[in-house]
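Single-structure report; data block below.
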Amino acid sequence: MQKYVDPGSPIVKTHINGVEIPNTLIDLGVAINIMSRQTMDQLKLPNLIFTPTLLQLADRSIIKPDGVLEDIPVSLDSW
Numbered sequence: 087m088q089k090y091v092d093p094g095s096p097i098v099k100t101h102i103n104g105v106e107i108p109n110t111l112i113d114l115g116v117a118i119n120i121m122s123r124q125t126m127d128q129l130k131l132p133n134l135i136f137t138p139t140l141l142q143l144a145d146r147s148i149i150k151p152d153g154v155l156e157d158i159p160v161s162l163d164s165w
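The sequence shown runs contiguously to residue 165 in my numbering.
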């Protein structure tokens, strides 16, 4: 029996508020997604909601997000 290699998470082109974002890593196993403030400003997304949450990243560094956004519609090009 041949062992298959894990293909990992796909990288696709996404669209938010009509703005194309190339090379977006799609990880279906995550509960949250992180975006830079620069990207958020470019997308003209609504105001952030305050959160006291701290996030520990995969490299074990800890960041404090500027806030959270909820229910942002995202469309994907071909998967």
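Virtual Cβ for every residue (Gly too), placed ideally from N, Cα, C.
Please report the distance separating the alpha-carbon of N109 from that of L141.
Straight through space, the alpha carbons of L141 and N109 are spaced by roughly 23 Å.
Any idea if I120 is buried or exposed, counting beta-carbon neighbours within 10 angstroms, 16 or more meaning buried?
An exposed status is given to I120, since fewer than 16 other beta-carbon atoms sit within 10 Å of its beta-carbon.
Tell me the DSSP secondary structure of L143 in three-state form.
L143 falls in the coil class under three-state DSSP.
Close-in-space but distant-in-sequence residues of the same chain around L129 (CB under 7 Å, 5 per side omitted):
Cβ neighbours of L129 beyond the five flanking positions: I102, N103, V105.
Same chain, Cβ closer than 8 Å to L114, five either side skipped, listed in chain order:
Apart from the 5 residues on each side of it in sequence, L114 sits with its Cβ closer than 8 Å to the Cβ of S95 in its chain, given in chain order.
Would you mind stating whether L131 and I158 have Cβ atoms separated by less than 8 Å?
Going by C-beta atoms, L131 is nearer than 8 Å to I158.
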